[in-house]
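See structure below.
Number of protein chains: 2
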Amino acid sequence: MSLYSERRGDYKSAAMPAPALSTRLRAIVGADGVVDRPETLLVYECDGYTLERAAPEVVVLPRTPAEVAAVLRLLAAERIAFVPRGAGTGLSGGTLPVQAPVMVCTSRLNRIEAIDVANRRIVVQAGVVNQWVTNAVRAHGLCYAPDPSSQPACTIGGNVAENSGGPHTLKYGVTTNHVLGVELVLPSGEVVVLGGAVEERPGYDLVGLVVGSEGTFGIVTRATLRLVRAPEAYRTLLAVFESVDAASEAVSGIIAAGMIPAALEMMDRLILEALEQAYHIGLPTDAGAVLLIELDGPAVGLDPQAERVAAVCRHNGVREVRVARDEAERAALWKCRKRAFGAVGRLAPNYCTQDGVVPRTRVPDILRHIAAAAERHRLRIANVFHAGDGNIHPILLFDERDRDEVARVLAAGREILEACVALGGSLTGEHGIGIEKMGQMPLLFGPDDLAAMVRLRAVFDPEGRANPHKIFPDAKVCVETRTPRRQAAM
Amino acid sequence: MSLYSERRGDYKSAAMPAPALSTRLRAIVGADGVVDRPETLLVYECDGYTLERAAPEVVVLPRTPAEVAAVLRLLAAERIAFVPRGAGTGLSGGTLPVQAPVMVCTSRLNRIEAIDVANRRIVVQAGVVNQWVTNAVRAHGLCYAPDPSSQPACTIGGNVAENSGGPHTLKYGVTTNHVLGVELVLPSGEVVVLGGAVEERPGYDLVGLVVGSEGTFGIVTRATLRLVRAPEAYRTLLAVFESVDAASEAVSGIIAAGMIPAALEMMDRLILEALEQAYHIGLPTDAGAVLLIELDGPAVGLDPQAERVAAVCRHNGVREVRVARDEAERAALWKCRKRAFGAVGRLAPNYCTQDGVVPRTRVPDILRHIAAAAERHRLRIANVFHAGDGNIHPILLFDERDRDEVARVLAAGREILEACVALGGSLTGEHGIGIEKMGQMPLLFGPDDLAAMVRLRAVFDPEGRANPHKIFPDAKVCVETRTPRRQAAM
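Chain order of the listed sequences is E and R. Per this note's numbering, the very first residue in the first sequence carries number -7; after that it's consecutive. Per this note's numbering, the very first residue in the second sequence carries number -7; after that it's consecutive.
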């Protein structure tokens, strides 16, 4: 139970009483496909963003795209709002059921439907876990490039909703660069198929519009994904620096030297300490920062490239460069990086992982802003992030029982995002706006821009029933003016 | 003068008489910024798609984004439809002024406004020529990746409208992968700025939506472009095959071997003959097809990769592989490829370059379809295209004075596009739908999908005054129902 759920008061009941709704939903998805006991619903009261919580009234877990459509047709007939959810690993509160009594989980839509090796594409249902895609095509020498840290758990549907990234974004791009088509169930229950066959899409880029729309257009039930050839070889380096500034300079130097590493990740001292406490793998806990740098591609030429990277690091005063000698050492380095969030969990009862972007050259500036915010608000903030993209992930540690500390976390978070925008950056690199950053949208968009987005949304969701109260600070207006009947029932 | 302009009858006058309109426009852009003499207007009666023609009543050539906004405010007040135009190199008739009396050319918006080397981005006005962008940043070791064959003439505004590609799409992607932000003047005359700072864009991807919208949302006046580092080195190969099938197999083999060449272009015998007649450079005119293959990246490792490409070609029965020994030889090979269209112009009085996409593995199938269509309709069709992307460019030769031949060209074109879709492909890889392929949109989209796109368009252009009668076969409905006043005047 959270002490600080400011949004809980917003949450309203459905027009139809929950028991009657559950009965109708069970008729569609079966008895085991509906969750409505209060103690079980607590599982769904937040995703990876835990600063605000609200449990839905009913959770429905369809098993097929057709069942999703049937559920949405029922909700349309009753004009009930809903929130889609994948694995619940999101970090911006996108699945918080604010004024949406029903949560539709796509995690049971877990079939890989078709693999086309020659044309390098795969058709998956929305609940397929990101890692499974690569597992399914590895034998063909292929992989699915976007690899969020939540890769072993997060689903493709969630990745599409949030336009997820990952450490290899620098070279391979984010989810939108790898989605060829989607099947989308509109809030009306109608099923539309967008794109799918080849990269090129005539007319307006509706697939690109759906990717990153955070569940506000309906529920994506299937996706056709682009596969890439698994790199022939890797060179993975850990470069240890005395200071964050020196590491940042090395990042700029590597890019300026014309190399595009597959990944260029930075971890600061607090992260190193947490990792070392958790895994005892000999990380340098007295370093200012380390860079995890990965090169990939044809084996020929990787060693000279790795040497050039090392030379740039030396030029920027690196203390030590370790090169993974084999796949086991590479896996160990990546395990550190990908489990950094878990390790941080040992440092404090709670933490909030922020997302924000600055131009790559402004990384040292934003890190100074973060350090100043930590000091000003008496907080511990760890940094582990995609330095090559300028995509920061400050992790703000706190104890949710300390209401004053929670307030300071929220204030520091706002200030850091404002600093990102002031430095010429943006609010989110890969976690989405969700409910966390709605309040900051006006930093980037004027009222007319936001109004245009709300009108765009209305093309797909004229009643504002799909994931209401997300992305747009004024989305409420859209909902209230467009669904008088549901509004009246609240 | 065209004998076959079926659309000419569609063309209607503005609500305001042309002379009065010209006077008001001259007040905004100056005396030399308005073209309205009939003989001069003929220059604007078509773009690179010459099968249909219609001259506008007035062409206006603003010099600044502010002048564009002022022109559109005037047209909004008078509810006059307009068509945007860049350099007029488009190949799908996107700038044909159908029911749009005014043409707004952005070619004088030719300033490069800012270059940010460290963060690799550049801000240009819409009329800046594609090639100038690379020229402006070459000294910094950077370049702008999308390079349509019309690169020395086409403008960034046109590239954004059509989501242009080019030979290096295979490795670097199309225009939408390189546009960080746009300034868009809406048909109302309002100016909106979308994106611009970093790659990541919160909220709906409006920049992605504007790229490829073919001028139907308004007029793009500025763009922030992503720059990439100019490759350190190239290896450019010309592989000569006995047959198109053998060359196609080599294309699949190269990709399957895990290489991503920067370019993988195919030219068939008719193109080789045309090029040889024009440039006398010793091309093998008795070959079935040649592949122009370019590898780029760090110099280290390029030679072994080139050897692997050559090995795949040998495995597929290549007759000969030539490797450009220096930059002069590389330039000569590319000159052939990029001037292929010009060379074809010597074979017949007219030609039409089609665009279409098939999954890469279906390239041999579509080439058989094209050959069969040529025979069935007694036409000569040359092929020069982006084989690595499956993006075909059959060039249909004809004489526009021969009405029967023109009819056969149109029929063959339709059949080839239908075959692309039937093979699991799409209607356009890089030229856009324009007016050429509107009739085929229902092959890919159902009535609901098309209606959704028309509603999306209405978010930006509620009156349907920006480039009306383009992309959507039923766009006319949108225009007629939404602008009763203008409709009544026609």
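All residues carry an ideal CB built from backbone N, CA and C; glycine is no exception.
Here F74 of chain E is near R457 of chain E, since their CB atoms are less than 8 Å apart. The C-alpha of E321 of chain R is placed about 21 Å away from the C-alpha of G133 of chain R. The DSSP-derived three-state label of C305 of chain R is helix. Contact annotation: E257 of chain R and H423 of chain R have beta-carbon atoms that are not nearer than 8 Å. By the criterion of at least three beta-carbon pairs nearer than 8 Å, the region 405 to 424 of chain E is not in contact with the region 164 to 174 of chain R. Within the model, the alpha-carbon separation for V50 of chain R versus V35 of chain R is close to 12 Å. In the structure shown, Q91 of chain R adopts coil according to DSSP, grouped into three states. Of all residues in the region 192 to 203 of chain R, the ones placed with a Cβ closer than 8 Å to any Cβ belonging to chain E are E192, R193, P194, G195, Y196, D197, L198, G200, L201 and V203, in chain order. Look at L339 of chain E here: in three-state DSSP terms it is coil, with no helix or strand label.
For Y271 of chain E, the enclosing alpha helix (DSSP H) begins and ends at R261 to Y271. The C-beta distance from V451 of chain R to V451 of chain E rounds to 7 Å, short enough to fall under 8 Å. Around the CB of D24 of chain R, fewer than 16 other CB atoms lie within 10 Å, so the residue is classed as exposed.
In the displayed model, G289 of chain E falls within a strand according to three-state DSSP.
The alpha-carbon separation between K330 of chain E and P144 of chain E amounts to approximately 10 Å. For D394 of chain E, there is no enclosing alpha helix (DSSP H), as DSSP marks it with neither H nor E. For V129 of chain E, the enclosing alpha helix (DSSP H) begins and ends at N122 to V129. In the three-state DSSP reduction, G173 of chain E falls in the strand class (E or B). The three-state secondary structure of E422 of chain E, taken from DSSP, is coil. Neighbourhood of G85 of chain R in chain E, by CB distance below 8 Å: empty, with the nearest CB roughly 14 Å away. In its chain, beyond the 5 residues on either side, L172, G173 and T216 have a beta carbon closer than 7 Å to the beta carbon of G188 of chain E. In the displayed model, A254 of chain E falls within coil according to three-state DSSP, outside both helix and strand. Taking all protein chains shown into account, P439 of chain E has fewer than 16 neighbouring C-beta atoms within 10 Å of its C-beta and is therefore exposed. Beyond the five residues adjoining it in sequence on each side, E206 of chain R comes within less than 6 Å, by CB distance, of G86, A153, G424, K462 and I463 in the same chain, given in chain order. By the beta-carbon neighbour count (other beta carbons within 10 angstroms, threshold 16), P341 of chain R is exposed. Within the region -4 to 66 of chain E, complete beta strand (DSSP E) segments of at least 3 residues are found at 50 to 52, given in chain order.
Going by beta carbons, G309 of chain E and P223 of chain E fall outside the 8 Å limit.
Nearest C-alpha to G348 of chain R among R:N375, R:A366, R:L287 and R:A324: R:N375.
As the crow flies, the alpha-carbon of P179 of chain R is around 16 Å from that of P89 of chain R.
Taking 8 Å as the cut-off, the Cβ atoms of R18 of chain E and V27 of chain E do not count as close. Within the DSSP secondary-structure output, V115 of chain E pairs in a beta bridge with E:A106 and E:T216. In the DSSP annotation of this structure, F209 of chain E is not part of any beta strand (DSSP E), being labelled neither H nor E.
Of the candidates R:I384, R:E175 and R:A10, the residue whose Cα lies closest to the Cα of V52 of chain R is R:A10. Contact annotation for S205 of chain R against chain E: Y196 [CB-CB distance below 8 Å, chain order].
Beta-bridge partners of Y226 of chain E (DSSP): E:D288. Per DSSP, F452 of chain E lies in no beta strand (DSSP E); the unbroken alpha helix (DSSP H) holding it starts and ends at P439 to F452. Counting only residues of its own chain and dropping the five nearest sequence neighbours on each side, I114 of chain R has a CB closer than 8 Å to the CB of I104, A106, I107, D108, V125, A128, V129, Y136, T216, L217 and L219.
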